[in-house]
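For the protein sequence lines, the chains are H and W, in the order given. FYI, the working numbering numbers position 72 of the first sequence as 94, with every residue one higher than the one before it. FYI, the working numbering numbers position 235 of the second sequence as 257, with every residue one higher than the one before it. Everything below concerns the one structure shown next.
There are 2 protein chains.
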Amino acid sequence: MEVQIAVSKAKKYASSTSGDTVEVIERPNGGLSIVMADGQSSGRGAKWVSSFVVRKVISLLAEGVRDGAAARAASDALFTEKAGKVSATLNILSVDMSTRTLVITRNNPAPVLLALDEDIKLLDKSSVPVGIYRDTRPLITELPLQTGMTVVVFTDGIVHAGSRDGRVMEADTCLQSILEDGDPTAQEITDSLLEHAIKLDQGRPVDDTSVIALRVTPRISENMVRRMVVSLPIGL
Amino acid sequence: MEVQIAVSKAKKYASSTSGDTVEVIERPNGGLSIVMADGQSSGRGAKWVSSFVVRKVISLLAEGVRDGAAARAASDALFTEKAGKVSATLNILSVDMSTRTLVITRNNPAPVLLALDEDIKLLDKSSVPVGIYRDTRPLITELPLQTGMTVVVFTDGIVHAGSRDGRVMEADTCLQSILEDGDPTAQEITDSLLEHAIKLDQGRPVDDTSVIALRVTPRISENMVRRMVVSLPIGL
Chain H
23 MEVQIAVSKA KKYASSTSGD TVEVIERPNG GLSIVMADGQ SSGRGAKWVS
73 SFVVRKVISL LAEGVRDGAA ARAASDALFT EKAGKVSATL NILSVDMSTR
123 TLVITRNNPA PVLLALDEDI KLLDKSSVPV GIYRDTRPLI TELPLQTGMT
173 VVVFTDGIVH AGSRDGRVME ADTCLQSILE DGDPTAQEIT DSLLEHAIKL
223 DQGRPVDDTS VIALRVTPRI SENMVRRMVV SLPIGL
Chain W
23 MEVQIAVSKA KKYASSTSGD TVEVIERPNG GLSIVMADGQ SSGRGAKWVS
73 SFVVRKVISL LAEGVRDGAA ARAASDALFT EKAGKVSATL NILSVDMSTR
123 TLVITRNNPA PVLLALDEDI KLLDKSSVPV GIYRDTRPLI TELPLQTGMT
173 VVVFTDGIVH AGSRDGRVME ADTCLQSILE DGDPTAQEIT DSLLEHAIKL
223 DQGRPVDDTS VIALRVTPRI SENMVRRMVV SLPIGL
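Below, the structure written as structure tokens:
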């Protein structure tokens, strides 16, 4: 089988820097982790916070620390650094090849969408961001990797899309229609969701918005080639 | 304009772990860096070495350290850790938005291919791997970002492709024909080069092989959306 991971990111309208940070790192015992943080407020301050949290997490994961412990450490480090005055949401999505599981770690009020084929579940138990309280713990969901699995994680740019005009984005309904349209790639999922959010915001995103999709497909890759593609638009 | 970066990686035939490590990281002052290391020998030992070098470099880049200084520090750290007995090749490719330049850092005997439109130059001045000598310095090439630019970087799996049968892979000739075929994406370039190498090795790569391509295209991305896609084949 093959795991596909896609990320699509857009900045808040007229903002120079996204306050969201997303990084992917190889796990020392096999597999990958993708780490996403959204720093409180927007612009450079928010970017500092989200980078701080993501770097803390990836440096710990790279040493073999488990996801839950890495999330707790990042929360404690931000709490200590900013005296509990600054928060960030944090999500970690890991393909752990030592256990052959998918590990979903969540310190984010925004839900995570988890689908098996076209059957979508919301992981929406109450969850707090990191950095505000001592001893903040993430919610963790661990599942055996299986084909047909789709996980979608996003920052609150998706939750607030359309809010300028009192509209609401139903991410689960959107995902349902994308999945029913056939066999979308991970990138088709993130692009469709982000595009829908930007449309609800009439082309001027109300917030930094990042969407991650992970799919487990039955595809057999010739020669087991791993691939990564990044595209970075540059303003003039 | 848009910067496209693609990576394609294959393992040595019948090897469980690739000794090559490639990671992408956001630069704190804007832009991206992609860091590639190939650890001496193969399998788990080589993986340890290449991870060690890449992690050292990305943690320094994340703090705003310049590429050349990060490469020197990684060399010194490996030299200290392994008493000069273990080497790794190292390449860093950075899109630095604070200077609007492309920075190519090389501690690798394998050349780097640099093309402007279809005109290919080889960066092949003698360069040593990191970790064996005190004060190892990288070769650095810094160029203003411009559309039509293509850079291709690879580990020695490409250099040695075909060697089992006394054949030689001419990476620059391959790149020339790919570029002349039209307007390839970065992923088309890395996939073609890797595929060609695996074919020369008759489907059984003689070494871990990683290829990175970076292209600067005139494409204008709608809403300045950033994208990343990763695919990870999983054996049964």
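For every residue, glycine included, the Cβ atom is placed at its ideal position computed from N, Cα and C. Keep in mind it's a predicted model, so treat the numbers as computed, not measured.
- The three-state secondary structure of H/N51, taken from DSSP, is coil.
- Across the region 30 to 59 of chain W, CB contacts with chain H closer than 7 Å involve S30, K31, A32, K33, T43, E45, V46, I47, E48, P50 and L54, in sequence order along the chain.
- Under the three-state reduction of DSSP, W/I242 is assigned to coil, being neither helix nor strand.
- When only Cα atoms are considered, W/W70 and H/L82 end up about 16 Å apart.
- In the assembly as shown, H/S38 is an exposed residue. Its beta-carbon has fewer than 16 other beta-carbons within 10 Å.
- Cβ contact annotation for W/V125 (same chain, cutoff 7 Å, sequence separation greater than five): D89, S116, D118, I162 and E164, in chain order.
- Interface residue (Cβ-Cβ distance to chain H less than 8 Å): W/A99 is not classified as such.
- Looking at the backbone, the Cα of W/I220 and that of W/H182 are separated by about 11 Å.
- Following the DSSP letters along the chain, one finds W/K143 in no alpha helix (DSSP H) but inside the beta strand (DSSP E) bounded by residues D141 to L145.
- Closest in alpha carbon position to H/S55, among H/T177, H/Y35, H/K107 and H/V76, is H/V76.
- Interface residue (Cβ-Cβ distance to chain H less than 8 Å): W/M171 is not classified as such.
- Residues of chain W whose Cβ lies closer than 7 Å to the Cβ of H/S120 do not exist, since the nearest Cβ in that chain is about 12 Å away.
- Nearest to H/D229 by alpha-carbon distance, out of H/I180, H/R189 and H/G257, is H/I180.
- When only Cα atoms are considered, W/L216 and H/D141 end up about 38 Å apart.
- Here the alpha carbons of H/V175 and H/V57 stand approximately 10 Å from one another.
- Interface flag for H/P255 against chain W is set, since a Cβ pair is found closer than 8 Å.
- Given a length threshold of 4 residues, each whole run of the alpha helix (DSSP H) inside the region 174 to 208 of chain H is given here in chain order: 178 to 181 and 193 to 202.
- DSSP places W/A110 in the uninterrupted beta strand (DSSP E) bounded by A110 to D118.
- Residue range D89 to K104 is occupied by the alpha helix (DSSP H) that includes H/T102, with no beta strand (DSSP E) assigned at that position.
- In the three-state reduction of the DSSP assignment, H/A28 falls in the strand class, which pools E and B.
- Non-local beta-carbon contacts of H/A110 in its own chain, meaning distances under 7 Å to residues more than five positions away in sequence, involve A59, D60, G61, Q62, V71, S72, V75, L100, P151, V152 and G153 in chain order.
- Here W/N129 is bridged, per DSSP, to W/L112.
- For the pair W/L201 and H/E192, the Cα-to-Cα distance works out to about 44 Å.
- Per DSSP, W/R248 lies in no alpha helix (DSSP H) segment; the continuous beta strand (DSSP E) that holds it begins and ends at R248 to P255.
- Cβ proximity to chain W below 9 Å picks out V117, M119 and R122 from the region 117 to 141 of chain H.
- In terms of Cα proximity to W/M171, the closest of W/V190, W/R186 and W/D205 is W/D205.
- Think of a sphere of 8 Å around the beta carbon of H/Q224: no beta carbon from chain W falls inside it, the nearest being about 12 Å out.
- For W/E85, the three-state secondary structure derived from DSSP is coil.
- Under the Cβ criterion of 8 Å, H/L216 is counted among the residues facing chain W.
- With a beta-carbon spacing of about 5 Å, W/V252 and H/M250 fall inside the 8 Å limit used to define contacts.
- Going by C-alpha positions, W/T169 is about 9 Å away from W/V25.
- What W/R156 touches in chain H, judged by beta-carbon distance under 8 Å, is nothing: the nearest beta carbon there is about 26 Å away.
- The beta carbon of H/P227 is closer than 8 Å to those of A32, K33, K34, Y35, G179, A183, A219 and I220 in its chain, skipping five residues each way along the sequence.
- If you check each beta-carbon in the region 184 to 218 of chain W against every beta-carbon of chain H, the ones closer than 9 Å belong to T207, A208, Q209, T212, D213, L216 and E217.
- Annotation for H/T158: no beta strand (DSSP E) segment contains it, and DSSP assigns it neither H nor E.
- Out of H/T121, H/G106 and H/T212, the CA that lies nearest to the CA of H/P50 is found in H/T121.
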